[in-house]
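Numbering (the numbering used here), first residue to last: 68 to 438.
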């Protein structure tokens with residue numbers, strides 16, 4: 068049965084990243100199957116958005132930038148969101164954040180007898196540094212608020228077993244594991260193994276923000292020989308600090324450490340495919356979709372251990388989970404010294420990524436809607 072579905076998110080273009088990628092991939096697959104899907108999100112840029120059909124912006128009173136991030140102050144947001152939902156008359160309200168638009172959408176759903184689904188994208192208490200109040204004060208408040216919100220939801224989608232277990236410890240048991248799917252440009256990539264050679268190309272892809280723990284990679288590069296280069300791909304308010312830390316504090320030359328800002332999709336695919344190893348220092352991610360993107364391009368991952376990495380990385384088979392900078396260095400040196408191990412990691416990484424085809428994952432979401 069075809070459904071009328073409202074996706075409600077605080078995070079959409081001009082932002083990019085895992086949440087936006089997940090929403091776009093899921094919405095595309097739902098629409099391909101004949102479902103009507105609308106994306107309801109804040110108005111960050113007034114009439115300057117280049118939105119495709121089906122994106123509806125909730126008007127904002129003021130718009131500004133804070134730490135290079137687009138921000139807005141809502142204007143009668145609850146009223147306007149309710150009017151939008153009344154007009155669309157969705158059978159499912161699928162929210163992607165427990166704050167701002169999320170609770171308003173769930174409140175509307177409850178009043179109108181509509182099922183509310185929530186995708187738990189983020190470990191929210193690890194992002195408190197974005198708010199102008201002490202983290203020690205906000206942490207218990209945010210945790211309590213998120214858990215209370217989860218208690219209002221008919222069904223929660225979590226991207227990994229780590230988040231499911233976390234919710235279970237707080238007596239929230241209505242969660243289903245459905246990881247986020249890959250976007251089109253990563254689908255259908257053929258397995259193309261690389262041969263190891265000097266220089267050994269290391270890659271990071273993600274936002275340049277505090278919670279990603281990126282300085283660890285520069286500390287690592289200080290320990291590695293000149294045979295290794297590091298390319299960092301992304302964007303974010305931390306860029307100037309990272310450049311200063313890499314080039315001035317760590318004394319790394321630009322020949323060894325390179326930053327690439329918001330490349331197009333084909334260039335991003337090429338960067339993944341040309342790298343020998345993908346490095347992931349974050350411990351705040353619920354899934355780490357970039358790991359699956361890298362594996363889809365046959366590039367193995369060495370990641371600092373975290374809840375978002377454990378379902379994806381099979382240690383010693385498609386990459387490695389490590390617990391320190393020193394262990395990350397040891398694993399890198401182990402891989403580049405063993406051509407047979409490297410080929411095995413590449414093959415298994417590519418095979419792992421095939422499970423993140425959104426065509427397969429969206430069937431699980433549709434089954435959840437039906438239930």
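Even for Gly, the Cβ is constructed at its ideal location relative to N, Cα and C.
Just curious, the beta strand (DSSP E) that residue i is in, first and last residue?
i	result
residue 345	344–347
residue 374	Note, residue 374: premise wrong, no beta strand (DSSP E); not H, not E.
Between the beta-carbon of residue i and the beta-carbon of residue j, is there less than 8 Å?
i	j	result
residue 248	residue 423	yes
residue 128	residue 142	yes
residue 356	residue 88	yes
residue 333	residue 305	no
residue 107	residue 167	no
residue 327	residue 353	no
residue 205	residue 239	no
residue 90	residue 79	yes
residue 243	residue 224	yes
residue 345	residue 376	no
residue 398	residue 433	no
residue 122	residue 157	no
residue 431	residue 245	yes
residue 336	residue 261	no
residue 342	residue 268	yes
residue 263	residue 95	no
residue 300	residue 313	no
Which residues in the same chain have their Cβ closer than 6 Å to the Cβ of residue i, if we skip the five residues on either side of it in sequence?
i	result
residue 340	364
residue 164	77
residue 176	160 and 183
residue 259	365
residue 265	294
residue 172	75, 160 and 162
residue 372	388 and 390
residue 280	348 and 349
residue 403	263 and 267
residue 270	298, 342 and 345
residue 86	78 and 188
By Cβ distance, which residues of its chain are closer than 8 Å to residue i, with the 5 residues on each side in sequence left out?
i	result
residue 318	289
residue 392	283, 286, 287 and 290
residue 187	217, 223, 224, 225, 226, 230, 234, 242 and 353
residue 382	388
residue 125	107, 108, 109, 110, 141, 144, 147, 148, 151 and 168
residue 437	68
residue 396	287, 290 and 291
Residue range of the alpha helix (DSSP H) that residue i falls in?
i	result
residue 414	406–420
residue 340	332–341
residue 398	392–403
residue 425	425–437
residue 142	Where residue 142 is concerned, there is no enclosing alpha helix (DSSP H), given that its DSSP letter is neither H nor E.
residue 364	Unbroken run through residue 364: none, as it is neither H nor E.
residue 217	202–217
residue 310	306–311
residue 235	228–236
According to DSSP, which residues form a beta bridge with residue i?
i	result
residue 369	346 and 387
residue 223	185 and 242
residue 107	75 and 123
residue 299	271 and 326
residue 99	Its beta-bridge partners do not exist; DSSP assigns none.
residue 382	386
residue 352	189
Among the residues of its own chain, which have a CB less than 7 Å from the CB of residue i, if the five just before and after it don't count?
i	result
residue 102	69, 70 and 72
residue 385	362, 367, 412, 415, 416 and 419
residue 84	274
residue 192	206, 209 and 210
residue 93	248, 425, 429 and 432
May I ask whether a heavy atom of the ligand GTP can be found less than 7 Å away from the beta carbon of residue i?
i	result
residue 409	The ligand GTP is not part of this structure, which contains no ligands at all.
Inset, instruction - Would you mind listing the beta strand (DSSP E) stretches within the region 244–296 that are 3+ residues and don't spill past its ends, in chain order? - result: Counting whole runs of 3 or more residues, the region 244–296 contains the beta strand (DSSP E) stretches 267–272.
Inset, instruction - Return the chain-ordered ranges of every alpha helix (DSSP H) run that is complete within the region 146–184 and spans a minimum of 4 residues. - result: 168–178
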